[in-house]
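Peer 1: After the structure tokens below, expect a handful of questions from me.
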Amino acid sequence: LNQRLATVDRLAKWKIDVPKECVLCTSQKEETLDHLFFECAYARSIWAALVGWLKEKHNVGSWEQELKWLIKRTNNSRPRAQVLTFLFAATVYYTWMERNKRRFQNQCITYVERVREIALQLHING
Numbered sequence: 004l005n006q007r008l009a010t011v012d013r014l015a016k017w018k019i020d021v022p023k024e025c026v027l028c029t030s031q032k033e034e035t036l037d038h039l040f041f042e043c044a045y046a047r048s049i050w051a052a053l054v055g056w057l058k059e060k061h062n063v064g065s066w067e068q069e070l071k072w073l074i075k076r077t078n079n080s081r082p083r084a085q086v087l088t089f090l091f092a093a094t095v096y097y098t099w100m101e102r103n104k105r106r107f108q109n110q111c112i113t114y115v116e117r118v119r120e121i122a123l124q125l126h127i128n129g
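In this note's numbering, the protein residues as written are 4 to 129.
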């Protein structure tokens with residue numbers, strides 16, 4: 004993502020006035036890339052549930068830590084590596100979509116529902 008998402012910290016730099024708090028969690032923390040992925044309880048819970056589903060023993064860390072961990076686990080072409088890559092991409096994608104729905108459409112889905120949706124997508128596409 005290379006700091007290109009239009010998170011509220013970036014929008015503020017462009018002089019666009021939006022509420023600064025993360026809309027996904029109740030922490031009242033400013034929405035930044037690092038907060039959304041994976042300091043935010045919503046994204047952290049999704050990723051932890053999916054990783055746990057694969058029986059991986061892993062404590063979710065920062066964005067950088069998760070990328071390093073993912074690269075180590077997916078440096079082969081085994082099906083498990085492909086599943087893990089899919090789950091990571093789905094976590095990031097659906098977290099961003101949920102952020103947009105909450106911020107702009109006042110709609111929300113719980114992280115449990117989101118995990119089910121991702122698992123269903125994997126089952127259908129996998």
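All C-beta atoms, glycine included, are put in the ideal place defined by N, C-alpha and C. The structure displayed is predicted, hence computed values, not measured ones.
Please state if the CB of T77 and the CB of L130 are separated by a distance shorter than 9 Å.
Peer 2: For residue 130 there is no data in the structure shown, the boundaries of the chain being 4 and 129.
Peer 1: DSSP state of V21, grouped into three classes?
Peer 2: Residue state, collapsed to three classes: coil.
Peer 1: Residues in its own chain within less than 6 Å of R117 by CB, not counting five upstream and five downstream?
Peer 2: These residues qualify, in order along the chain: I49 and Y97.
Peer 1: Name, in chain order, the residues that DSSP records as bridge partners for E33.
Peer 2: E33 pairs with E24.
Peer 1: Can you find at least 3 beta carbon pairs, one from the stretch 87-97 and one from the stretch 52-71, that sit closer than 8 Å?
Peer 2: The stretch 87-97, when compared against the stretch 52-71, does touch it at the 8 Å Cβ threshold.
Peer 1: Can you tell me the Cα-Cα spacing of D20 and C43, whole angstroms?
Peer 2: In a straight line, the C-alpha of D20 is about 22 Å away from that of C43.
Peer 1: Excluding the 5 residues preceding and the 5 following Q110 in the sequence, name in chain order all residues of the same chain whose CB lies nearer than 6 Å to its CB.
Peer 2: Contacts found: K104.
Peer 1: My understanding is that W66 touches F41, with C-beta atoms under 8 Å, so please give their C-beta distance in whole angstroms.
Peer 2: Contact holds; Cβ gap of about 6 Å.
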